[in-house]
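Report on the following structure.
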Amino acid sequence: MLLFLMCFALPALAQHEGHDMSQMSSQPSASDKPQATSPAPLPAPTTEERAAAFPDLHGMDMRDHMDDDPVIGMLQFDELEWQRSSGTSGDDAGLAWNLRSWLGRVDDRLWLRSEGERRDGRTEHGDIELLWGHATGPWWDAMLGVRHDFGQGHPRDWAAFGVQGLAPYKFEAAATAYVGDSGRLAARAEAEYELLLTNRFILQPKLEVNLYSRDDPENGIGQGLSDAEFGLRLRYEIRREFAPYLGYVWSRKFGATADLAQAAGGDRSEAQWVAGVRFWF
Amino acid sequence: MTEKRYRFDTERRQFVTGLAALPLLATWPGHGRTQNPAAPVVPELRGIRFELSVGASPVNLTGKSAWAKTVNGSLPAPTLRWREGDTVELRVGNRLREDTSLHWHGILLPAGMDGVPGLSFHGIAPGESYLYRFRVRQAGTYWYHAHSSLQEAVGVYGAIVIDPREPDPIAADRDHVILLSDWSDEDPHAIVRKLRKQSDYYNLHKRTVGDFFRDARRDGFDAAVADRKAWGRMRMSPTDLADVTGLTYTYLVNGAPPAANWTALFARGEKVRLRFINGSAMTFFDVRIPGLRMTVVAADGQPVHPVSVDEFRIGVAETLDVVVEPAERPYTIFAQAMDRGGYARATLSPRSGLQADVPPLDPRPILTMQDMGHGGMAGHDMSQMKGMEGGCGADMKMPAMQHAGHDMSGGMIAHPASETGNPAVDMQTMTPSRALDDPGIGLRGNGRRVLSYADLKSTFADPDGREPGREIELHLTGNMERYTWGFDGIPFSKADPVRLNYGERLRIVLVNDTMMEHPIHLHGMWSDLENADGEFHVRKHTISVPPGHVRSYRVTADALGRWAYHCHMLLHMELGMFREVRVDA
Ligand SMILES: [Cu+2]
Chain A
4 MLLFLMCFAL
14 PALAQHEGHD
24 MSQMSSQPSA
34 SDKPQATSPA
44 PLPAPTTEER
54 AAAFPDLHGM
64 DMRDHMDDDP
74 VIGMLQFDEL
84 EWQRSSGTSG
94 DDAGLAWNLR
104 SWLGRVDDRL
114 WLRSEGERRD
124 GRTEHGDIEL
134 LWGHATGPWW
144 DAMLGVRHDF
154 GQGHPRDWAA
164 FGVQGLAPYK
174 FEAAATAYVG
184 DSGRLAARAE
194 AEYELLLTNR
204 FILQPKLEVN
214 LYSRDDPENG
224 IGQGLSDAEF
234 GLRLRYEIRR
244 EFAPYLGYVW
254 SRKFGATADL
264 AQAAGGDRSE
274 AQWVAGVRFW
284 F
Chain B
-14 MTEKRYRFDT
-4 ERRQFVTGLA
6 ALPLLATWPG
16 HGRTQNPAAP
26 VVPELRGIRF
36 ELSVGASPVN
46 LTGKSAWAKT
56 VNGSLPAPTL
66 RWREGDTVEL
76 RVGNRLREDT
86 SLHWHGILLP
96 AGMDGVPGLS
106 FHGIAPGESY
116 LYRFRVRQAG
126 TYWYHAHSSL
136 QEAVGVYGAI
146 VIDPREPDPI
156 AADRDHVILL
166 SDWSDEDPHA
176 IVRKLRKQSD
186 YYNLHKRTVG
196 DFFRDARRDG
206 FDAAVADRKA
216 WGRMRMSPTD
226 LADVTGLTYT
236 YLVNGAPPAA
246 NWTALFARGE
256 KVRLRFINGS
266 AMTFFDVRIP
276 GLRMTVVAAD
286 GQPVHPVSVD
296 EFRIGVAETL
306 DVVVEPAERP
316 YTIFAQAMDR
326 GGYARATLSP
336 RSGLQADVPP
346 LDPRPILTMQ
356 DMGHGGMAGH
366 DMSQMKGMEG
376 GCGADMKMPA
386 MQHAGHDMSG
396 GMIAHPASET
406 GNPAVDMQTM
416 TPSRALDDPG
426 IGLRGNGRRV
436 LSYADLKSTF
446 ADPDGREPGR
456 EIELHLTGNM
466 ERYTWGFDGI
476 PFSKADPVRL
486 NYGERLRIVL
496 VNDTMMEHPI
506 HLHGMWSDLE
516 NADGEFHVRK
526 HTISVPPGHV
536 RSYRVTADAL
546 GRWAYHCHML
556 LHMELGMFRE
566 VRVDA
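Pasting the structure below:
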């Protein structure tokens, strides 16, 4: 090309470097040659040159000094909130939590998830899950572990497996199936989204549904779709790690579960104001 | 402004006085000392023997005191002034409590002198020193920095200016080093941990509900929805221009924050050469001097055909020499971060104490599908892509193209199998551009003449006229959400070395399968960038690959040994975008 021809008008500049292995031999330097021609083949390096180029590092390797997949841990209270019913059966206040923590590398992490509610100083119901999460693709982790239910009623243990990750349109989603004693099955699905009113005021809609394969009257659970909860929380991120919020949560029990609740003097559905803080470190 | 001034630690004073025999010169005696008192004077060391000491020093660059890692107590490290043809000796001592190293960026030298621990030498243990010794075979503007962990991010970097043997063909009456960098009071390892936990931690400019309504009014509701859908499907944000931003960074010129107003002096009628070096850990800068045209004369130390511009983008680790002819008034040297979250600033002035207006930051650019290599397909709708794993196109299985590196049509590109179903790969470019003439995101059509790689043409012909004997294609990959980086979806810790044969001429083709721009640096050898027609274009040591682009360049494997090859975004390197290149005979 023309421009390259023009280059010949400005010789002598780039010739210095070329292929002269000055530290190694007395090979002629590239500046002795015309440009744009192939350099003479490099002579085979001597033993000394080879030794100098590959020094003995006494077993040291860069891999030992560069950790491209460090072990990192995160403890996150997605929700830690005070709840107050604005509902029918009188004043009712409580505390609720939703914890999601992990420890590990990119592909494999140990997860601790827990959620539950306390009323009148005792845990009404809660569960804690210990899971191994393994990355199966860019956005999804397969989860395998155990869940323990506690609180009032009969404590239950479950084997848990499911998926968790980021769905298209940036929905955070998790779906988990549980196998309990004598073949009792359960499932839980959650999805949440972050709507940026500003970069610090974030509205978070969240939906959770639970299903059970069998009646479990001790725990106030009926077969089928048992309950769903939809929450809207508006948080303000003072820092990324610390965000107080206000919200409103609708929950509803379905089918046999709702009948059980009603029989026990409770409500089929409930709406609550919540105030809390989301934080992580 | 005194609190902005960094302090030399006492160790350094002792060190300097203890080495009285060593020439320690201000660049231009008589001018160097009349700098704005708020801005530090970067020491300059000249000669063939250098004593350097890596230690820790307190600094105050943000109004809060913090600890930096420094060379001879100085941030940035002293400017080293060498002469082409000389054999230089640099004794580097380590006064840190951890291993350190210095690497001479862009300098051709024997492998044992390259300073990469675990590849070319042992590293320098606390209390020990290492003698670097090599012949200087090139001239121009370069720099040096630590290659140990993240020390480069906390101050261990400095300029290298090599005077040519022959009279310098670049005529200037005076020259100044303009070393740009980014500083955070946060420990860079803490920054890494935050990004791993929440990769958009430092992005406080994501699109909001208000932006949606504004876009809907401007472009129409359907267009705004379609745009949100396209990005939503990819689970990415078009505002993701920088991983680490002005939220934590203060941007520096020669170690001085904007308020300190580092000043470069000139006399009436002088031609001034400014040697820009981007010594940042993570920041691309867009540089201009309002009111002054800049003539670009060298890139990465190597002379280029002069080209006159208003503005240029400088990638991390790149250097660019410009010549300016200022009138007798002050000018602002304005270097805004690519994401417009902040700027570094200096003043070019006939007298100290003067300053010119500092321009406002440009509007923040927004990435487009074109930027992501999804252009070129008319009406391409992301929703047509089935199966979301792999996002845009991971499940498009295409036969490997013969000679992908020569397909200049800008058509579809093949991807290595290791990218498929890989948690470390969240997108793939489909129709990348090979053109060099794009000034880049945020610089297009801004009314200024902006430099692009197409403008950088070496003043010499291909120094190795052989047609490359083979081709190595590597894809730059990452997962923004998990914050992991690699080549071909494989991080350094799991990768085999790239093997080159001593003496061969080969072609390296880099395909950017991420949404970020990556400045890729090969140690020990030159990278001869080709244009879209496969012709030698410009000789560099760091080749920046924007998202949605392919870059190809030739390498002569004339340096025996084990060399580092990596993205110079420090956190990308640290989290996997790194390879060993091994040249065997
Ligand atoms: Cu990178």
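Top to bottom, those sequences are chains A and B.
Per the working numbering, the very first residue in the first sequence carries number 4; after that it's consecutive.
Per the working numbering, the very first residue in the second sequence carries number -14; after that it's consecutive.
Ideal placement from N, C-alpha and C gives every residue a C-beta, glycine not left out.
Cutoff 8 Å: residue i Cβ touching any chain B Cβ
i: V252(A); result: no
i: F233(A); result: no
i: V109(A); result: yes
Same chain only: Cβ atoms within 6 Å of residue i, ignoring 5 sequence neighbours per side
i: P504(B); result: G300, V301, A302, T527, S529 and H553
i: R567(B); result: P482, R484 and R547
i: G327(B); result: G231 and Y236
i: F257(A); result: L228
i: A201(B); result: A209
i: V162(B); result: T64, A144 and R260
i: E313(B); result: R253 and P335
i: D356(B); result: I426, P532 and G533
i: D110(A); result: A138
i: I86(A); result: In the sequence as presented, Ile is not what sits at residue 86(A); that position holds Gln. Within the same chain, Q86(A) has close Cβ partners G97, A99, Q275 and V277.
i: M98(B); result: Y117 and F119
i: P424(B); result: V435 and S437
Residue i versus residue j: straight-line alpha-carbon distance, rounded
i: P476(B); j: M465(B); result: 14 Å
i: R159(A); j: N222(A); result: 9 Å
i: G454(B); j: E565(B); result: 21 Å
i: Y468(B); j: V494(B); result: 24 Å
i: E197(A); j: A446(B); result: 55 Å
i: E127(A); j: R187(A); result: 21 Å
i: S59(B); j: W52(B); result: 12 Å
i: G165(A); j: A409(B); result: 21 Å
i: P348(B); j: T50(A); result: 58 Å
i: H508(B); j: E458(B); result: 18 Å
i: L249(A); j: T405(B); result: 42 Å
i: W83(B); j: K209(A); result: Before going further, note that residue 83(B) is Glu rather than Trp in the sequence given. Spanning the two alpha carbons is a distance of roughly 47 Å.
i: V257(B); j: V540(B); result: 33 Å
Within chain B, partners of residue i - CB distance below 9 Å
i: F164(A); result: By Cβ distance, chain B contributes nothing, its closest Cβ being about 18 Å from F164(A), past 9 Å.
i: N101(A); result: Per Cβ cutoff of 9 Å: no residues; N101(A) is ~17 Å from chain B at best.
i: P48(A); result: Y487, L545 and A570
i: L169(A); result: R220 and E466
Amino acids of chain A, ordered along the chain, whose beta-carbon sits closer than 8 Å to that of residue i
i: E303(B); result: What E303(B) touches in chain A: nothing, since even the nearest Cβ is about 18 Å away.
Within chain A, partners of residue i - CB distance below 7 Å
i: M406(B); result: With the sequence shown as reference, residue 406(B) is identified as Gly, and Met is not the correct amino acid for it. In chain order: G140.
i: K178(B); result: Checking the displayed sequence, the identity of residue 178(B) turns out to be Arg instead of Lys. Residues of chain A passing the Cβ test: I75.
Partners in chain A for residue i, counting only beta-carbon separations shorter than 9 Å
i: S478(B); result: R66, M69, D70, D71 and D72
Nearest neighbour of residue i, chosen from the options [CA to CA]
i: W285(B); options: R349(B), A329(B) and K442(B); result: Rather than Trp, the amino acid found at residue 285(B) in this sequence is Asp. Cα-wise, what sits closest to D285(B) is K442(B).
i: L235(A); options: I224(A), E244(A), F204(A) and A192(A); result: F204(A)
i: L164(B); options: D569(B), G406(B), R199(B) and P242(B); result: P242(B)
i: S478(B); options: R125(A), L78(A), S104(A) and P73(A); result: P73(A)
i: D71(B); options: R122(B), E255(B) and K214(B); result: R122(B)
i: Y438(B); options: T405(B), G471(B) and K525(B); result: K525(B)
i: E151(B); options: T47(B), T541(B) and E69(B); result: E69(B)
i: I147(B); options: R492(B), D306(B), G471(B) and E520(B); result: D306(B)
i: R217(A); options: K209(A), L210(A), Q226(A) and E211(A); result: Q226(A)
i: P448(B); options: E559(B), R490(B) and R220(B); result: R490(B)
Chain A contact for residue i (CB, 8 Å cutoff)
i: T469(B); result: yes
i: K54(B); result: no
i: P95(B); result: yes
i: F106(B); result: yes
i: Q183(B); result: yes
i: G15(B); result: Any reading at G15(B) needs caution, since the residue's pLDDT is 31, under 50, leaving its predicted position unreliable; the model's value is listed next. No, because no Cβ of chain A sits closer than 8 Å to the Cβ of G15(B).
Contacting residues, own chain, Cβ-Cβ under 7 Å from residue i (five flanking each side not counted)
i: L8(A); result: Here the model assigns L8(A) a pLDDT of 34, short of 50, so the residue's position is not dependable, and the following value carries that caveat. Closer than 7 Å at the Cβ level, and outside the excluded window around L8(A), lies no residue.
i: P401(B); result: H460 and D473
Nonlocal neighbours in the same chain, by C-beta distance under 8 Å from residue i, ignoring five residues either side
i: D144(A); result: R112, G136, H137, A138, V166, Q167 and G168
i: N516(B); result: L421, A439 and H522
i: A246(A); result: I205, R238, Y239, E240, V280, R281 and F282
Chain B contact residues for residue i, given Cβ-Cβ distances below 7 Å
i: N202(A); result: L189, H190, K191 and T193
i: A55(A); result: P95 and G97
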